[in-house]
Amino acid sequence: MQRSRPPPYQPEQYEYEESSSVLKQNRPVQDNSPPTPEDVVIAVMGVTGSGKTTFIQQFCSQNLNIGHGLESCTNKVDVIPCIMPNGQRIFLIDTPGFDDTYRSDTDILGEIADWLAQSYQFKIRLTGIVYLHRITDVRVGGQGMKNLRMFRKVCGEKNLSSVILATTMWSLCPPSDAAKREEQLTNNSDLWKFLVGKGARIFRHDRGEESGQEILDYLVSRARKVTLDIQHEMVDQGKNLSETSAGQEVQAEIEKIKEAHRKEMQEIREDMEEAIRSKDTERQEELRQYRATVDKQMREAQQQAKQLEVSREQLRQQMKEEHSREMANLRSEVERRQQELERTSKQDAERYERLQQELTSMKDREARYRLKEAHRYKFKYSCPGCRQQYLFNTRQQTLKCSTARCEMSSNVAGGEMDYENSD
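Under my numbering, think of the first position of the sequence shown as 186, with each following residue one higher.
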């Protein structure tokens, strides 16, 4: 049977339907309105592999990209509309951990801070935060401790009563061992004891959707909105990222890295002098390569420190530019696969089918990415003139109320909402 060639690729033909992982041609995305100031919005945080995306998947209809190892699957903040069993719509915010596989702590903090600042600017405040931890971990290592410290700095002590500390993966650990680890977490001042003393609650997420429901119900029932420290610092106080408590924590980590590198460079110099004296050319070459590696790491640390010196507006611009680059790279890859498919001989059926599947997967990925980006920085806001709600996308600069006879327009200047009459 003769196989027809695929049509030239047109990105606009594809949209991702949120209730399915299947792409539908010429079908618009289902209407999923963005959060309003009245909505329940809950952030989900924790180290890579703690089960953040799996937790959220229990309450949403779309298929999320779930990791099955210790490599990060979530590298951006995702705003995911979910439906509770009682029919209530809430928004769960999937966040990358500060032990991300491919991104620095500076990048991760910038990503999280940008979304939190933008949402807070438009009166979207969190109802609570769920911090997930694997009960299978025999001990909390350096990465886990760092993640926990960053979490505390982002939230602020006064908001810890709106935090749920939830342990996951109970089915993978003997009950007696799990109970001992839970006790260690609770009683160790460097771990959860301090947070619990400030009002955080501990839950076991050990019964799938049922225990997940209990966690969310607790936060929803409190009906309390919180302003995180990093939101107050960047939006209300106008601080640069480096001046925030979380930014200073990252800077302290960078300084530790830089100091370790300085010591390594001193040791390399001493070893090189010894290798030269002994005319050990092989050792000299090893040290040159090692020195180049350490030197590169030092430059990267210096670059990370420099990246923290950004205002909220500069951070927003950086995120927009990063999005544009990622979107261009993704589209370029899709078009390359399309061209490769068109060049493939019809007689090479096996390769043709493989390329067809890869192309479909890439288009799916592109559509998902466009959908996520559309939701991440879109909020619902009320017009101060007629009180009607309208969409505001922070990628744009000016919006006019769409209500007939209303003459209000909202202008964004310097990142602040400034309402004025259109006359």
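Using N, Cα and C, we set each Cβ at its ideal position, and we do this for glycine too.
All values reported here derive from a predicted model rather than from experimental measurement.
| Asked | Found |
| --- | --- |
| When the Cα atoms are used, what is the spatial distance from L493 to Q541? | 43 Å |
| Taking the alpha carbon of T545 as the reference point, which residue from M483, V519, D414, E527 has its own alpha carbon closest? | V519 |
| Helix, strand or coil for M483, going by three-state DSSP, please let me know. | helix |
| DSSP puts V348 in a beta bridge; with which residues? | I314 |
| Could you give the distance in angstroms between the alpha-carbon of R473 and the alpha-carbon of K464? | 14 Å |
| Have a look at V381 and N373 and give me their C-alpha separation to the nearest angstrom. | 11 Å |
| Mapping DSSP to helix, strand and coil, what is A228? | strand |
| May I have a chain-ordered list of the beta strand (DSSP E) segments no shorter than 3 residues that lie completely inside the region 289–340? | 313–319 |
| Once DSSP output is grouped into helix, strand and coil, what is the label at R389? | strand |
| Going by Cα to Cα distance, which pick from Q451, A302, T239 is closest to H417? | A302 |
| Taking the alpha-carbon positions, what's the V339 to A431 distance? | 5 Å |
| Would you kindly report the start and end of the unbroken beta strand (DSSP E) that includes V264? | 263–268 |
| In three-state terms, what does DSSP make of L515? | helix |
| Assuming R282 contacts T352 under a Cβ cut-off of 8 Å, what Cβ separation, rounded to an integer in Å, is found between them? | Residue 282 is actually Gly in this sequence, not Arg. About 16 Å separates the two Cβ atoms, so there is no contact after all. |
| On the three-state DSSP scale, how would you describe V411? | strand |
| Expressed to the nearest angstrom, what Euclidean distance is found between the alpha-carbon atoms of Q451 and M457? | 10 Å |
| Which same chain residues end up closer than 8 Å to E367 when comparing Cβ atoms and leaving out the 5 residues on each side of it in sequence? | I320, T352, I387, R389 |
| If we count Cβ pairs, one from each stretch, closer than 8 Å, do we get three or more for the region 321–341 versus the region 423–441? | yes |
| Express the C-alpha separation of Q243 and R484 in angstroms, rounding to a whole number. | 42 Å |
| Check each candidate in I442, W355, G326 and name the one with the smallest Cα separation from G236. | W355 |
| Which of the three DSSP states is assigned to F276 in this structure? | strand |
| Compare the Cα-Cα distances from L526 to each of E511, A513, M547, Q369 and report the closest residue. | M547 |
| Apply the 10 Å Cβ neighbour rule to R539 and answer buried if 16 or more other Cβ atoms are within range, or exposed otherwise. | exposed |
| Starting from S361 and walking both ways along the alpha helix (DSSP H), at which residues does that stretch end? | 360–372 |
| Can you tell me where the alpha helix (DSSP H) holding T529 begins and where it ends? | No alpha helix (DSSP H) contains T529, which DSSP labels as neither H nor E. |
| Put R536 into one of helix, strand or coil per three-state DSSP. | helix |
| Pick out whichever of P266, G231, K261, I227 has its Cα sitting closest to the Cα of C245. | P266 |
| Rounding to the nearest angstrom, what Cα-Cα distance links H318 and F307 in this structure? | 31 Å |
| Mapping DSSP to helix, strand and coil, what is T353? | strand |
| Of the choices D375, A486, D391, A385, whose alpha-carbon is the least far from that of A364? | D391 |
| May I have a chain-ordered list of the alpha helix (DSSP H) segments no shorter than 4 residues that lie completely inside the region 444–498? | 466–492 |
| Taking DSSP as the reference, what is the three-state secondary structure of K424? | coil |
| Identify which residue in K481, L401, R476 has its Cα closest to the Cα of N271. | L401 |
| Specify the secondary structure class of F379 as computed by DSSP and reduced to three states. | helix |
| With distances taken between CB atoms, is the gap from I268 to V226 smaller than 8 Å? | no |
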